[in-house]
Amino acid sequence: MATMDVAVAPRLRRRARTSGTRRRLPLPSKIAAAVIALLLLAAVFAPLLTSQSPTVGVLGDRLLAPGSSGHLLGTDGQGRDIFTRLVYGARPSLLTGMIPVAVAGLIGTAFGLIAGLGKPLLHSSVMRFLDVFYAFPAVLLAIAIAAALGSGSSNAIIALSVILIPPIARVSEAETGRLRNADFMEAARASGSSWSALAFRQVLPNIAPAVVVYCTALIGLSIVYSAGLSYLGLGIAPPTAEWGLMISDLQQYMFTTPSLLIAPALAIVVASVAFNVLGDGLGNYLNVRSEIA
Amino acid sequence: MKRGMLLTDNRPVTSGGTSPAVPDQPSPQTSGRGTLMVRELSTTFRSSGREIRAVRSVSFEVHPGRTLVLLGESGSGKSVTARALMRLHGPRAVIQGDVTLGEVDLLGVDDATMRGIRGARVALVPQDPSAALDPLRRVGGQITEVLRLHDVVPDKAAARTRAIELLGQVGIPDPERAFRSYPHELSGGMRQRVVIAMGISCDPEVIIADEPTTALDVTVQAQILDLFAELQRRLDTALLMVTHDVGVAADIADEVAVMYAGSIVETGPAREVLERPRHPYTQALLAAIPTPDVARGELVAIAGSPPMAGEDFPGCAFAGRCPFVQDSCRTSPPPLVVVESGHLAACPVINPVTATTPVVGPSTESTR
Amino acid sequence: MISFLLRRLLAAVPILIGVSIVVFITIKIIPGDPVASLLGPTSTPEARAALESRLGLDQPLPVQYLQWVWHLLQGDLGTSISKQTQVLGLVLDAFWNTLILTAFAAILAFAMGIALGAVAALRRGKAVAALGNAIALISISLPQYSVGLLLIIYIATGTGLLPTAGMYDAIGGGGWGDLFRHIILPGVTAALVPAGIIARMFRTTVIDVMSMDFIDALRARGMSERRILLHAFHNTTPTLLTIAGLQLGYLLGGVVFVETVFSWPGIGLLVFQSIAQRDLPVIQAGVIVSALAFVVINLVVDALHATIDPRMRAHS
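As you go down the protein sequences, you meet chains A, B and C in turn.
Taking this note's numbering, the leading residue of the first sequence gets -18, the next gets one more, and so forth.
Taking this note's numbering, the leading residue of the second sequence gets 595, the next gets one more, and so forth.
Taking this note's numbering, the leading residue of the third sequence gets 2, the next gets one more, and so forth.
Written as C-alpha cells, this is what we have:
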C-alpha cells in the first residue's frame, strides 16, 4: 500500500504544481498552434484550396509576377501557379519534417531509457556511441547519408532521423538519470517491479513532458533541414511541389523576378518559427527546460 | 526605499512607559564602536499583488563585544531581518523602521555609502560557505579584493600579507597554502573559516552571521562557534547570530531574541530565556528539543503549524497552537511584558500584567 | 594540466575511430554494385571479379575497413570522380575558406548572442527582455537558404552595396577589404541561428549565476553592481565555452547552405557540387575533415575550459 502511494506521487505532484502556479500557454504559443493547424489543414485539403495543377504548368503563363490575375503569388519557369505549389508543397514539406522527429523520438527515447536505467557499463557504452554522432556537424552527416543513399524523400527521412536520434537520446537520458535515485523508483524496485514496468510505467510518463517539448522544437529544425536537403537536390525529386525544391527552382530567376522566391522562403520560416514558438511555450507550460543544441 | 512612514504598530503602548525595548543592557561604549540599534523594523514582500509581512516591527540592540542570537524556525523572519539590516532585501521587499549603527542611519544613507559600510563596518557571514565563495577564483584573491575595496591596505603586497594573517587568525593551519587554494580544494569547515576571515578582514563593528554552522558537520560546528566567540572577544565586535538551533544559542548567546511568524515573542539574557522561558512558544520550542535527560516519549512536538506566509492574523500569531490561548489573544496583538529586568515576553496571559511588571511597547517618537 | 590534456586526447581516440566507422558505413550503404557501375552493364563476370579483388572488395568488411583507414591515415582520401584529382587537396583548399567564413560568423554570433542573452537576463520582466527573447527564438528558426536568398535580393542587389556571391571580385579583386565586403552577408546568414541559440543559453546561464549565493555574498561585502556583474560574467565563461564548442560544430555543418547560396568556395559548396555529380569521395572527405576539425575544436575548448575552471582540472 505504502509503496503504491510513493510510486504514484511524482505525477500527481507535477499536476498539482502546474495548476497551483496558474501556468497558462502564452499567447504567442497559442498563435503558433493555430498557424500549425492551418498549415496542416492546407496540407490535407490542398486540392480544395486551388483548382490548378501543382506539377503541370501553362507555358504561356511563365514567370508571371505575384498579383497577376489568377496567380496570387505568380508562376514559375514552367508556368505553374506558385500558390498552388505552395499549398500542395505543405504536405511533403511538413511530413518530411515531422516523420524524422517521430522516428528519432521513439528510438532516441528508447536509447535514453536504456542508458539511463542500465548498468554503468551499458550506460557508458550507449553514451560513447552517441558521442560519436556528436563529433559530426549534424547537417553534413545528414548530407553524407542522404547522398550515399541517393535522392528521394524516404532517404532524406532516414538521414534526418539518424542525426536527430543523439540529441533526443541525451535529453531522455538526462531526464531518466534525474529520476534514477528518486524515492518512488526505489519503492518500485523494492516492490519487485520488472525492468520494463519500471521503464514504461514509472520513468516514461515522467520524462515524457521534457522529451515532447524538445521534439516539438526539433520539428522546426527538421522542417528546415528536410527542405534544405531538397534544396541541395537530396530530398524529394522534381516535379513534386515541395518548399525547398521550389526555392532551388526559383533561385535561377532571383535577379529577374526575385519576388517569386519570397513565398516559399517565408513558408519555411513560418512553419519553423511556429514549431519553435510552440515548443518554447510548451516548455514554460510544462515547466521543463528545453534547449536546442 | 520607503521609510519614515507612520508605523503601524501592532503592539500598542498600554502604559506610559518610554523605556527602550531592550533595557538594562551595557550602555553603548564610547570606544568608537557603535551599537546596532533596530527599531520597529518591518519587511514586507510584494509578489503578484499579495503582501507578505515577513518581519513585523521587531526591535533589538546589539552592543560591542556582545552576542545576540535571533532564534527561530525557518520562515520565522530571522534571516529576512538579518538581511534587511544590510539592505540586502532585494527590490521586491519594502522596509520600514529604523536601523542605526553608531550615528549612521543604515536605512537612510545613499547606496554608495551603504556599499562602503557593507563588508567594512557590518559584515555578513552567510549560511553556506561553499556557495559564498566564487568557485573560479583563488581564495587569496577574493580576500584581497575586499581589503582593497574598502581601502584598508595601501597596496597589493600589504593586502596579501594581511590576507594570510587573517587566514591564520581564523585558525587555518597553512594560511599560505589556503591563500593559493581554490574553494573546492578546501573542506567545508576551512571554507567557512575563509568566509569568516573575509568577514573580519575590515575589522567590522558588527558581524551578522546567518546560520553559519548549519551546513557543517557537528564536530566542525563546535569549532566554528568557538572561533566566533574568540574573535568577538578579541576584536570587541557586536555579533548578531541567526540560528534555528537552540544549542547554538545556549553556546554563544549573551542575549536571545526568539522570533515567531515575523515578530520577536521573547527576548532577554540567554540564561533567563532558555532556562525560564516566559512565552508559550519558547516553552514549547525548548520542550521539543531532545536532551539526554528527557526521557523518550516526553518530547513534545508543537501541535499545528505557524501561520502561512501572507496570512494575516489580528491577534497573537501563536494563538492557534497555544495551550494557554484565550479569546483576547485572537483579537488583539499581545504586548511585550517585562517579566524581569531585561526579560520581555509577548504574552500577557502567562505573565499577568501587574503594577510591578509594566507592559512596555516601543513608542515611535520616544525611541528615536 | 598536461595530464588533463593527455587524458582528453586519449578520450578523443575512440571518438575518431567511431567517426571513421560511421563514414565507412556511409560508403557501404551506397545502393548498387560499385564494380558493375564502374565497368558498365556489358562487363564480363571475370572482369568484375578481377576489379573486385584489385579494389579489395572481395575481402571481409573489417579488412576493407582497416585498409580504408590505412589509406586515410596516409592522407589518401580517394580520387574525385568528377575532377579526377586527389580529394585531399581539393578539400583542404576549400576547408581554409570555410574556416574563414566560420570564424567570422562565430564572432558575429557570439557578439549578437551574448548581447541579446545579457539583455534578456538582466532586464527580466521588462519589455526589452521579451523583445530579446523573441528575436532569439525567431533567429533560431531561420533557414539559412531562405535568409541568404532574401539578403541577396534585398541587400546585395537591392542596394548594390555588397556583392551577391563569391569570396573576391573576379576582376580587380583580392585583399582584406574585398574579402570583408564579400563575407558580410554570408557571415550574417550563418551567424543568425547560432546567435539565437547562444542568446538563449547565455540568458539561462546569466540568470543561474546571478542567483548563486556568492553573488549575494559579493553584495554583502560592499561591491558595486557593476563589479558584481564582472564577477558574474567571469562565472559564465565555462558555460560559454561549452556553447562555443557546440556552435562551432553547428557553423561548420551549416555552411553548406550558406556557401551554396553565396557561392563561397568552401567545403559546403564543394559538397553541394559533388551531390549533383554523385562525387561521393569528395562528400565523405568533406565530412571527415569537418568532423576532425570539430574534434580538435572541442579539445581546444576543453583545454580553455580547464584553464578557466579549476574544478575541471580536478575532475575527470
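Just so it is clear, CB atoms sit at the ideal spot from N, CA and C, and this is done for glycine as well.
Remember, it's a predicted structure, so these values are computed and weren't measured experimentally.
Is Gly783 of chain B close to chain C, meaning its C-beta is less than 8 Å from at least one C-beta of that chain?
So, not an interface residue.
Counting contacts by CB-CB distance shorter than 8 Å, is Arg3 of chain A in contact with chain C?
Low confidence applies to Arg3 of chain A: its pLDDT is 48, below 50, so where it sits in the model is not reliable, and the reading given next is rough at best. Chain C, which has no Cβ nearer than 8 Å to the Cβ of Arg3 of chain A, makes this no.
DSSP on Ala717 of chain B, reduced to helix/strand/coil?
The answer is strand: DSSP assigns Ala717 of chain B an E or B state.
Between the segment 105 to 126 of chain A and chain C, which residues of the former have a C-beta closer than 9 Å to a C-beta of the latter?
Listed in sequence order: Arg109, Phe110, Asp112, Val113, Phe114, Tyr115, Ala116, Phe117, Pro118, Ala119, Val120, Leu121, Leu122, Ala123, Ile124, Ala125 and Ile126.
Give me whichever residues DSSP pairs with Val852 of chain B in a beta bridge.
Note: Val852 of chain B sits in a beta bridge opposite B:Leu665 and B:Glu860.
Please state whether DSSP places Gly58 of chain A in a helix, a strand or coil.
Correct three-state label for Gly58 of chain A: coil.
For a contact meaning CB atoms closer than 8 Å, what does Asn98 of chain C contact in chain B?
Going along chain B, no residue has its Cβ under 8 Å from Asn98 of chain C, so there is no contact; the nearest lies around 37 Å.
Checking 8 Å against the spacing of the C-beta atoms, do Phe96 of chain C and Val283 of chain C come in under that value?
No. Outside cutoff.
Which residue marks the beginning of the beta strand (DSSP E) containing His937 of chain B, and which one marks its end?
Element bounds for His937 of chain B: His937 to Ala939.
Buried or exposed: which applies to Ile249 of chain A, given that a residue is buried once 16 or more other Cβ atoms fall within 10 Å of its Cβ?
Buried.
Going by the CB atoms, is the gap between Gly188 of chain C and Leu109 of chain C shorter than 8 Å?
It is a contact, given that the beta carbons lie within the stated cut-off.
Beta-carbon within less than 8 Å of Ile818 of chain B's beta-carbon, same chain only, minus the 5 sequence neighbours each way: which residues are those?
Taken in chain order, the residues that qualify are Gly783, Gln786, Arg787, Ile790, Pro806, Thr807 and Leu810.
CB Asp230 of chain A to CB Asp57 of chain A, shorter than 8 Å?
Taking 8 Å as the Cβ cut-off, Asp230 of chain A and Asp57 of chain A qualify as a contacting pair.
What does a CB cutoff of less than 7 Å around Ala307 of chain C pick up in its chain, not counting 5 residues either side in sequence?
Here the set comprises Met2, Phe5, Met313 and Arg314.
Could you pull the DSSP bridge partners for Gln690 of chain B from this structure?
DSSP output for Gln690 of chain B lists B:Ser636 as bridge partner(s).
Per DSSP, which one or two residues make a beta bridge with Met835 of chain B?
Answer by DSSP bridge pairing, in chain order: B:Val663 and B:Ala803.
Does any CB atom of chain A fall closer than 8 Å to the CB of Thr237 of chain C?
False, the Cβ-Cβ gap to chain A never drops below 8 Å.
Of the residues A:Ala178, A:Ala244, A:Leu267 and A:Val205, which one's Cα is nearest the Cα of Met79 of chain A?
For Met79 of chain A, the nearest C-alpha among the options comes from A:Val205.
With H, G and I counted as helix, E and B as strand and the rest as coil, what does DSSP make of Lys26 of chain A?
Lys is not the amino acid found at residue 26 of chain A; the sequence shown has Phe there. In this structure, Phe26 of chain A counts as coil in the three-state DSSP scheme.
With hydrogens ignored, establish whether the beta-carbon of Phe256 of chain A is closer than 7 Å to any heavy atom of the ligand GDP.
The ligand GDP is not part of this structure, which contains no ligands at all.
Verify whether the separation of the beta carbon atoms of Val84 of chain A and Gly60 of chain A is less than 8 Å.
Contact flag unset, no.
So, at 7 Å on beta carbons, what are the nonlocal neighbours of Thr837 of chain B in its own chain, with the 5 sequence-adjacent residues on each side left out?
So the list reads Val663, Leu665, Glu805 and Ala843, once near-sequence residues are dropped.
Taking 8 Å as the cut-off, decide whether the C-beta atoms of Val301 of chain C and Ile16 of chain C are in contact.
Cβ distance not < 8 Å, so Val301 of chain C and Ile16 of chain C don't count as in contact.
Return helix, strand or coil for Val932 of chain B, following the three-state DSSP convention.
Val932 of chain B falls in the strand class under three-state DSSP.
Using the Cα positions of Pro190 of chain A and Ala200 of chain C, report the straight-line distance between them to the nearest angstrom.
Roughly 24 Å separates the two Cα atoms.
Jot down the residue ranges of each uninterrupted beta strand (DSSP E) in the segment 91 to 176 of chain A, minimum 3 residues, whole runs only, in chain order.
List check, beta strand (DSSP E) in window: nothing returned.
Counting only Cβ-Cβ distances shorter than 7 Å, please list the residues of the segment 269 to 280 of chain C near chain A, keeping chain order.
Of all residues in the segment 269 to 280 of chain C, Val272, Phe273, Ile276 and Ala277 have a Cβ within less than 7 Å of some Cβ in chain A.
Whole angstroms is fine: what's the gap from Met166 of chain A's alpha carbon to Glu156 of chain A's?
Each residue's alpha carbon lies about 13 Å from the other.
Counting only beta-carbon atoms, is Leu780 of chain B nearer than 8 Å to chain C?
So no, Leu780 of chain B is outside the interface.
My guess is that Leu241 of chain C and Phe215 of chain C are in contact by the Cβ rule of under 8 Å, so how many angstroms apart are they, rounded?
Wrong, their Cβ atoms sit about 18 Å apart, outside the cutoff.
Does chain C have any CB closer than 8 Å to the CB of Met235 of chain A?
Yes, contact with chain C.
Let me see if you follow: with CB-CB separation under 8 Å, is Tyr251 of chain C close to chain A or not?
So yes, Tyr251 of chain C belongs to the interface.
Taking C-alpha atoms, which residue in C:Pro195, C:Val23 and C:Leu150 lies nearest to Phe105 of chain C?
When each option's Cα is compared against that of Phe105 of chain C, the closest is C:Pro195.
Taking just the CA atoms, how far does Ser142 of chain A sit from Asn257 of chain A?
Distance between the alpha carbons of Asn257 of chain A and Ser142 of chain A is about 18 Å.
Going by DSSP, which residues form a beta bridge with Phe64 of chain A?
Answer by DSSP bridge pairing: none, since Phe64 of chain A is not bridged.
Let me know the secondary structure DSSP gives Ser651 of chain B once reduced to three states.
Three-state DSSP puts Ser651 of chain B in a strand.
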